[in-house]
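Residue 405 is where the sequence shown ends in my numbering, and the numbering goes up by one at each step. Glycine included, C-beta positions come from ideal geometry on N, C-alpha and C. Written out below as structure tokens is the structure these notes cover.
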Amino acid sequence: MSERDYYEVLGVRRDASAAELKTAFRRLAMKCHPDRNPDDPTAQDRFKEAKQAYEILGDERKRAMYDQYGHAAFENGGGRGGAGFADMGDVFGDIFGDIFGHHGGRGRQARGADLRYIMELDLEEAVFGVGRQIKIPTMVSCQHCRGSGSEDGKVATCGTCRGHGRVRMQNGIFSIQQTCPTCGGTGQTIEKPCRHCRGEGRVEETRTLEVRIPAGVDNGDRIRLSGQGEAGPAGAPPGDLYVEVRVREHAIFTRDGNDLYCEVPIRFSQAALGVTLAVPTLDGEVPINIPPETQTGTQFRLRGRGVESAHNKRHGDLICRVVVETPVRLTRQQRELLATLEATFEDDTACTHTPRAKGWLDGVRRFWSRVTA
């Protein structure tokens, strides 16, 4: 094995903390573990190299020696092994728990799976809250055996792990522990499985639940119902149910956080002369005053007319955006009146009545002067 710099092996700085060293080694060991790389003949050597680097750098005394003398400090076996080296058991417990899917501990049973339910709501339901009845296909505790999985209630010590819940496996030079495949880590087996659940302790069933969605929820919010997920096997605790909110598009309002936005269409004559309009809010209609000479895109903010947050109870605002509409299906009289009005603007070379047009024309002239220069 090459004598590469141990800091380089782990990919850390020379001033890395103990926690950074442990994280780097754990990440590298999981990446290079032979069981995860069965087709890579170099994986075992890289794994051993990372383990050797962490054994030295993970121990304060050995790290100090390595920083001073390098690999020479440990030639002929000096300083390696023995008491006081890094807590490899703790690190390997984390690594092998991830690789083999267990987390140690005698008799620990895997809890039931968490479930997710997508609930679609109208904006009004999300704003004011709503109660819903939902149906969830799931696994529930077997009533016949009361979740034990045993027909007669009797259990026996597992013959594979002898009640420990874990078994030791030899993998080349490594000896590791994993959850017993026979009892699933409980340390017990069932002599006479329940005929209803076949020893699993749970059966499939569609449950009906009453769910209360609080006022002010937003798109993507989740409501956690503790213990309402799948029942665990052989009497293990159930998982949780997460109800995820999806809010449908609204015909009038668009929501951004606690604020609501809506467009208010007005005629150009109303925009020019000013008008008072009634606009919708969550609490009913309220009047807003559109002043004379209002341009399209102008926004009016109504304080506190938005949504009350489900998290901090603060009210958002309602922002009304004015959109000036061009009239359609004009009568002959309306066309004549508009023509008469338009004629009054023909001598307005200074764009007195159309300030944005003046700025636009000035920009066009500058553009053409650059192009033709």
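Integer Cβ distance of residue i from residue j, believed to fall under 8 Å
i	j	result
V356	T328	4 Å
A310	V249	About 28 Å; that fails the 8 Å criterion.
R148	Y293	The pair is not a contact, with the Cβ atoms about 30 Å apart (cut-off 8 Å).
Residue span of the alpha helix (DSSP H) that contains residue i, given as start and end
i	result
C64	50-64
R95	92-101
E156	155-160
V41	38-42
Within 8 Å, strictly: CB atoms of residue i and residue j
i	j	result
C174	G259	no
C215	C229	no
I416	V162	Because the chain spans 33 through 405 in this model, residue 416 falls outside it and cannot be assessed.
I166	V243	yes
G261	D272	yes
H282	L153	no
E237	T286	no
T313	N321	no
F57	Y98	no
H103	E40	no
L305	P324	yes
V172	A247	no
A481	A61	The shown model of the chain, from 33 to 405, leaves out residue 481, and the question about it has no answer.
Residue interval of the beta strand (DSSP E) (run including residue i)
i	result
A310	307-313
R78	Careful: R78 lies outside any beta strand (DSSP E), inside the alpha helix (DSSP H) at 75-89.
V318	316-322
Residue closest to residue i, alpha-carbon to alpha-carbon, out of the options
i	options	result
R11	L53, D72, T404	Residue 11 falls outside the range modelled here, since the chain spans only 33 to 405, and no answer is possible.
A145	A263, R287, K224	A263
D3	S341, L334, T363, L362	Outside the displayed span of the chain (33 to 405) sits residue 3, for which this structure offers no information.
C212	R198, Q220, T221, A82	R198
T251	L241, R388, E276, K186	For the sequence presented, residue 251 should be read as Asn rather than Thr. Here the closest residue by C-alpha is E276.
E223	G185, Q210, L241	G185
C190	A51, Q220, R278	Q220
R143	Q210, Y101, V44, A268	A268
Y38	K63, K80, R68	K80
R93	Q210, A75, A50	A50
T55	A105, P66, G43	G43
Chain B within 8 Å of residue i, Cβ atoms only
i	result
D315	Absence of chain B from the displayed structure is noted, only one protein chain being present.
Any non-hydrogen atom of the ligand FMN closer than 7 Å to residue i Cβ
i	result
G395	The ligand FMN is not part of this structure, which contains no ligands at all.
Quick one: complete beta strand (DSSP E) runs, 3+ long, within the segment 334-399?
350-357
Unbroken beta strand (DSSP E) runs of length 3 or more, entirely within the segment 252-301: which are they?
Correct list: 254-257, 273-279, 286-288, 291-299.
Counting only runs that start and end within the segment 170-238, where is the beta strand (DSSP E) found for 3 or more residues in a row?
Runs found: 187-189, 198-203, 206-211, 220-222.
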